[in-house]
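Engineer: Residue numbers (our numbering), protein chains in the order written: chain F, 1 to 461; chain U, 462 to 922.
2 protein chains.
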Amino acid sequence: MTLAAEQTQSATDELKALLGDRVSTNTTVRDTHGKDESWHHPHRPDAVVFPNTTEEVSEVVKICAKHKLPVVAYGTGTCLEGNVIPTSGGIVVDLMNMDQVLRVNAEDLDCTVQARVTRKQLNEYIRDQGLFFPIDPGADASLGGMAATRASGTNAVRYGTMRENVLALTVVLADGRIIKTSKRARKSAAGYDLTRIFVGSEGTLGIITAVTLRLYGIPEAMASAVCSFDTLAGAVDTVIQTIQLGIPVARIELLDDLEMDAVNKFSKLDYPVKDTLFLEFHGTEAGVKEQAETVQEIAAENGGGDFKWATKAEDRNKLWAARHDVTYASKALRPGCDIWATDVCVPISRLAECILETKKDLADSFLMAPLVGHVGDGNFHLGFLIDRDDPKELEEAERINDRLVMRALAMEGTCTGEHGIGLGKMKFMTAEHGEGVSVMRAIKKALDPDNIMNPGKIFTV
Amino acid sequence: MTLAAEQTQSATDELKALLGDRVSTNTTVRDTHGKDESWHHPHRPDAVVFPNTTEEVSEVVKICAKHKLPVVAYGTGTCLEGNVIPTSGGIVVDLMNMDQVLRVNAEDLDCTVQARVTRKQLNEYIRDQGLFFPIDPGADASLGGMAATRASGTNAVRYGTMRENVLALTVVLADGRIIKTSKRARKSAAGYDLTRIFVGSEGTLGIITAVTLRLYGIPEAMASAVCSFDTLAGAVDTVIQTIQLGIPVARIELLDDLEMDAVNKFSKLDYPVKDTLFLEFHGTEAGVKEQAETVQEIAAENGGGDFKWATKAEDRNKLWAARHDVTYASKALRPGCDIWATDVCVPISRLAECILETKKDLADSFLMAPLVGHVGDGNFHLGFLIDRDDPKELEEAERINDRLVMRALAMEGTCTGEHGIGLGKMKFMTAEHGEGVSVMRAIKKALDPDNIMNPGKIFTV
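1) With a Cβ-Cβ cutoff of 8 Å, do residue 132(F) and residue 96(F) count as a contact?
2) With 16 other CB atoms within 10 Å as the buried threshold, where does residue 470(U) fall?
3) Measuring alpha carbon to alpha carbon, tell me which residue in 826(U), 654(U) and 598(U) is nearest residue 164(F).
4) Run through chain F and tell me which residues come within less than 7 Å of residue 891(U), C-beta to C-beta.
5) Between which two residues does the alpha helix (DSSP H) carrying residue 901(U) extend?
6) Given a threshold of 16 other Cβ atoms within 10 Å of its Cβ, counted over all protein chains shown, does residue 270(F) qualify as buried or as exposed?
7) Once you ignore the five residues that flank residue 367(F) on each side, which residues in its own chain have a CB closer than 8 Å to its CB?
8) As a quick exercise: from 419(F), 452(F) and 432(F), pick the residue whose alpha carbon is nearest that of residue 146(F).
9) Which residues in the same chain have their Cβ closer than 8 Å to the Cβ of residue 588(U), if we skip the five residues on either side of it in sequence?
10) Considering only the beta carbon of each residue, do residue 636(U) and residue 526(U) sit closer than 8 Å?
11) In whole angstroms, what separates the C-alpha of residue 673(U) from that of residue 629(U)?
12) Exposed or buried, which one is residue 109(F) when buried takes at least 16 other CB atoms within 10 Å?
13) Spell out a yes or no on whether the stretch 608-618 of chain U and the stretch 185-203 of chain F are touching, meaning 3 or more CB-CB pairs, one atom from each, closer than 8 Å.
14) Quick one: Cα of residue 210(F) to Cα of residue 23(F), how far?
15) Does the beta-carbon distance from residue 874(U) to residue 807(U) come in below 8 Å?
16) Three or more C-beta pairs closer than 8 Å, one from the stretch 755-768 of chain U and one from the stretch 693-711 of chain U: is that the case here?
17) Please check the pair residue 453(F) and residue 203(F), which I expect to be a contact at CB under 8 Å, by giving their CB distance rounded to whole angstroms.
18) Going by DSSP, what residues sit across from residue 847(U) in a beta bridge?
19) For residue 591(U) and residue 136(F), I'd like the C-alpha separation in whole angstroms.
20) Using a C-beta cutoff of 8 Å, does residue 435(F) count as contacting chain U?
21) Go ahead and pull the three-state DSSP assignment for residue 504(U).
22) Which runs of the beta strand (DSSP E) spanning at least 3 residues fall entirely within the stretch 286-357 of chain F, listed in chain order?
23) State the Cα-Cα distance for the pair residue 795(U) and residue 789(U), rounded to the nearest angstrom.
24) For a quick check, are the C-beta atoms of residue 548(U) and residue 494(U) less than 8 Å apart?
25) What's the gap between the Cα of residue 436(F) and the Cα of residue 318(F)?
26) With DSSP run on the structure shown, which of helix, strand or coil describes residue 64(F)?
27) Measuring CB to CB, does residue 84(F) end up less than 8 Å from residue 77(F)?
28) Between the stretch 379-405 of chain F and chain U, which residues of the former have a C-beta closer than 9 Å to a C-beta of the latter?
29) If the cut is a Cβ gap below 9 Å, which residues of chain F does residue 908(U) touch?
30) Output needed for residue 852(U): all residues of its chain with C-beta closer than 6 Å, excluding positions within five of it in sequence on either side, in chain order.
31) When the Cα atoms are used, what is the spatial distance from residue 720(U) to residue 738(U)?
32) Rounding to the nearest angstrom, what Cα-Cα distance links residue 7(F) and residue 48(F) in this structure?
33) Using CA atoms only, rank isn't needed, just tell me which of 294(F), 321(F), 388(F) and 373(F) is closest to residue 337(F).
34) Check this for me: beta carbons of residue 377(F) and residue 792(U), under 8 Å apart or not?
35) Quick check on the DSSP output: the beta strand (DSSP E) that includes residue 632(U) runs from which residue to which?
36) Buried or exposed: where does residue 506(U) fall if 16 or more other Cβ atoms within 10 Å of its Cβ makes it buried?
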């Protein structure tokens, strides 16, 4: 037995003494925890543990620290850049048993949940109190995972991302210590912003075990609409003018013609196969009406067709389900394919240019890649439909993705608006942050000197 | 000459070689830079430098790093907790020459300014483009200083604080390296949140030399109002119900009866001497009307009097000038006094209780301390009117302040909502953050191993 194997064996024995049958070395279980929803190749961890409490997570991390074994936290495994793939093996900490809403403070519009509560689960739980939590990445992800990747989604244009909506975190550090990053006040000037050091750190600085979140009252009125455009530029200009006028639109999403074709086929709809905006307005009855009228005028001036309205909850849900199913819809365009999902975010003044140049790259390529975007934030996604075992396809997707990212950076944008760095965007970190990467590295080294927390992600140490 | 004195002499010589007469060892200049607007006792730095560029700041820091001399950045000196007092001597970096707006991107609703541009200067500059920047601490502070202390003010209830409104920073690190913390995209998931590591770090991790900020379109309609209440509880309940209904009130400020008396006398006004809310609504004409009607109903149900309206810009400015002058108004209640300004922030459900218990402490004390608050955030201030050379008064202010802070912490609040830790709140850091302080300390040590950046602030190293 090698030294590494001996360490792993000792650690596994200690973990079993701690958690009993909540430690698994079963190959199927390990394989399930060796991948995410990305195109990145899986890697099998040495063991998977299922702690029930923050204290148990702390004990698990202490054992891993003692043996210098990698520890990777796992929520729903729905990330898109290989963020949770245990590329160095080690122990995966599946938080599935930590799925309780710990408390809801309706008066303060906040709540605290264990890390594995999903966004839909939380919304079910709080709906009767007239509350909702707006952040909605495509998947029904865990709120701990969403904090770890600084997730956002369709509502971010109005409600912000996880950056703005996490009030506090409970975190297990690399040596097993437990901290709470903040109290429950809406704002604070008391020292370094520990909460936002961990939001977006992708498990490389500690394991998030509980999350305190801002909540919102369910608006008095909500209305959704779909509007097709003659040109992509017209759709994007509608978005830009809406944002610049300060209209508090709740959602403003772009689907290109290819994506609309996919959505129609998958969700059995008959929208025009054109560049299309999906919109939603929240407010009072009068406020929603006023917002909607203004945006309709803007759209009409930019070659937009009539708004197809959905105001009943049932119809709105159907419309947004179609929007949220784009991944599956895209996949159905090429049965059996893998999806290489990528995203960038640029200042909104550069959005049309960035999208149009990218579409030109795609027109010249043999790969298909539908486009969908949270365009109110300047954020859009491509989903390359590839066979990940075909090197030529991977190479072509990489070529277009490289061009996309470098284009976004040249426009003062970022290599990822919401998917995180994981494995897939590591090579762009220096191009984006320059010397800033060395500051991140110094923080990583200070908080995880043995590099056991999700090693090999975001940047090399 | 001691070794320390020799180091200081060598450093000063090198600084003079770099900056010529933009280095001052004049006693008056040093004294001016040895204090802020707080009650904390001043301390004279060894020299004051006036760099013109980020590169010059970098060279200054490199010289200080070589000689292990403290470096303290200085903007307008308007902080309230001793945040810029150079308690260990060393070099004060006065950024007064770095006062240019570098660019405004009206389409993207953002701008980049040098650190010493003040909030009022920026607002003058962008007004013609129909834009404004909402964050307004009482003083006309520099935007670099506001970022460094995570400032907020009266508009935070709607627009957020510096935490939410800084998009990127240029920072000179402790070894003189220059980084830009982020690009200009509205959101990003690309690695650690460097921007928010420096926002609120009070100059202890680096010197902020430029700030990229979010801007907002000037609303189509704005209306301000003043409303007096029979009871403090009625005023606070009005705030709570307004927030819980999700009304996007732009400002909702509480002044207690004592503060109203001060404001009346100082600004020659004749408001009732009662607990009073100052409100402002932003939006479309119809939206403002709708918001105002709803809040008037809520106020009436809670014992509020009629709303006294100000809708013309001139009248609104007069109203808010009175609000912003509370420090001077308070001071006039006891001519020649010093003000010990303190602030806490609690979850809004605990706000009435926190304020009422604090008012009870004050009723039993021989000290006067008017109360004013950004109550929509759960944040309020006391201004103890003291003679800072009288130990008995200091002791009494400290006693009440200690009780106030521990009360706020027990209510899951924070020891400071917006003034920062500086010197004055250091002793509460462990009570608030527990083991979290060690994480802050580890970050400080990683980024400033020789502890030269504003040493002795926030926590002891």
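Where a beta carbon is used, it is the ideal one built from N, C-alpha and C, also for glycine.
Structural biologist: Concretely, from the data shown:
1) As a working mapping, residue 132(F) is identified with position 132 in the first sequence. As a working mapping, residue 96(F) is identified with position 96 in the first sequence. In this structure, the beta-carbon distance from residue 132(F) to residue 96(F) does not fall below 8 Å.
2) Within the second sequence, the letter at position 9 stands for residue 470(U). The residue in question, residue 470(U), is exposed, as its Cβ has fewer than 16 Cβ neighbours within 10 Å.
3) Numbered from 1 along the first sequence, position 164 holds the residue referred to as residue 164(F). For the residues 826(U), 654(U) and 598(U), the minimum Cα distance to residue 164(F) belongs to 654(U).
4) Numbered from its first residue, the second sequence carries residue 891(U) at position 430. Correct list: empty, because the minimum Cβ distance to chain F is about 11 Å.
5) As a first step, residue 901(U) is located in the second sequence; it is residue number 440 there, counting from the start. Start and end: 897-908.
6) On the first sequence, residue 270(F) is found 270 positions in, with the first residue counted as 1. Counting other Cβ atoms within 10 Å of its Cβ, residue 270(F) stays below 16 and is therefore classed as exposed.
7) Here residue 367(F) refers to the residue found at position 367 when the first sequence is read from its first residue. Hits under 8 Å: 384, 385, 386, 393, 396, 397 and 400.
8) Within the first sequence, the letter at position 146 stands for residue 146(F). Nearest C-alpha to residue 146(F): 419(F).
9) Numbered from 1 along the second sequence, position 127 holds the residue referred to as residue 588(U). Closer than 8 Å at Cβ, skipping near neighbours: 679.
10) The residue you call residue 636(U) lines up with position 175 of the second sequence. The residue you call residue 526(U) lines up with position 65 of the second sequence. For residue 636(U) and residue 526(U), yes; Cβs fall inside 8 Å.
11) Stepping through the second sequence from its first residue, residue 673(U) is reached at position 212. Stepping through the second sequence from its first residue, residue 629(U) is reached at position 168. The C-alpha of residue 673(U) lies about 5 Å from the C-alpha of residue 629(U).
12) By one-based count along the first sequence, residue 109(F) stands at place 109. Buried, since its Cβ has 16 or more Cβ neighbours within 10 Å.
13) In short, these stretches touch, since the Cβ pair count reaches three.
14) By 1-based counting over the first sequence, the position of residue 210(F) is 210. By 1-based counting over the first sequence, the position of residue 23(F) is 23. Those two C-alpha atoms are separated by around 21 Å.
15) Locating residue 874(U) in the second sequence gives position 413, counting from the first residue. Locating residue 807(U) in the second sequence gives position 346, counting from the first residue. The criterion of a C-beta distance shorter than 8 Å is satisfied by residue 874(U) and residue 807(U).
16) Between the stretch 755-768 of chain U and the stretch 693-711 of chain U there are three or more inter-stretch CB-CB distances shorter than 8 Å, so the stretches are counted as touching.
17) In the first sequence, residue 453(F) corresponds to position 453, counting from 1. In the first sequence, residue 203(F) corresponds to position 203, counting from 1. Contact flag correct, Cβ pair sits at about 6 Å.
18) Numbered from its first residue, the second sequence carries residue 847(U) at position 386. Answer is 799(U), bridged to residue 847(U).
19) The residue given as residue 591(U) occupies position 130 in the second sequence. The residue given as residue 136(F) occupies position 136 in the first sequence. Taking the straight line joining both Cα atoms gives about 33 Å.
20) Locating residue 435(F) in the first sequence gives position 435, where the first residue counts as 1. With 8 Å as the cut-off, residue 435(F) counts as an interface residue toward chain U.
21) Within the second sequence, numbered from 1, the residue matching residue 504(U) stands at position 43. It is coil, neither helix nor strand.
22) Annotation: the stretch 286-357 of chain F contains the following complete segments of the beta strand (DSSP E) (minimum length 3 residues), in chain order: 308-310 and 338-345.
23) What you label residue 795(U) is simply residue 334 of the second sequence in a count that begins at 1. What you label residue 789(U) is simply residue 328 of the second sequence in a count that begins at 1. Going from the Cα of residue 795(U) to the Cα of residue 789(U) covers about 10 Å.
24) Taking the second sequence and counting its residues from 1, the one referred to as residue 548(U) is at position 87. Taking the second sequence and counting its residues from 1, the one referred to as residue 494(U) is at position 33. The answer is no: Cβ separation not under 8 Å.
25) For this step, residue 436(F) is matched to residue 436 along the first sequence. For this step, residue 318(F) is matched to residue 318 along the first sequence. Looking at the two C-alpha atoms, the distance is approximately 43 Å.
26) Against the first sequence, residue 64(F) aligns to sequence position 64. Residue 64(F) sits in a helix when the DSSP states are folded into three classes.
27) As a first step, residue 84(F) is located in the first sequence; it is residue number 84 there, counting from the start. As a first step, residue 77(F) is located in the first sequence; it is residue number 77 there, counting from the start. Yes; because the gap between Cβ atoms is below 8 Å, this pair is in contact.
28) Cβ contacts with chain U come from 379.
29) Looking up residue 908(U) in the second sequence gives position 447. Chain order gives the chain F residues near residue 908(U) as 439, 442, 443 and 446, where near means a beta carbon separation below 9 Å.
30) The residue given as residue 852(U) occupies position 391 in the second sequence. Apart from sequence neighbours up to five positions away, no residue of its chain approaches residue 852(U) with a beta-carbon distance below 6 Å.
31) In the second sequence, residue 720(U) corresponds to position 259, counting from 1. In the second sequence, residue 738(U) corresponds to position 277, counting from 1. So the two alpha carbons sit approximately 12 Å from each other.
32) Start at 1 with the first residue of the first sequence, and residue 7(F) comes out as number 7. Start at 1 with the first residue of the first sequence, and residue 48(F) comes out as number 48. C-alpha of residue 7(F) to C-alpha of residue 48(F): approximately 16 Å in a straight line.
33) Mapped onto the first sequence, residue 337(F) falls at position 337. Out of 294(F), 321(F), 388(F) and 373(F), 388(F) has the C-alpha closest to the C-alpha of residue 337(F).
34) Translated into the one-based positions of the first sequence, residue 377(F) becomes position 377. Translated into the one-based positions of the second sequence, residue 792(U) becomes position 331. Cβ atoms of residue 377(F) and residue 792(U): not closer than 8 Å.
35) Position 171 of the second sequence, counted from the first residue, corresponds to residue 632(U). Unbroken beta strand (DSSP E) run through residue 632(U): 627-634.
36) Here residue 506(U) refers to the residue found at position 45 when the second sequence is read from its first residue. Per the 10 Å Cβ criterion, buried.
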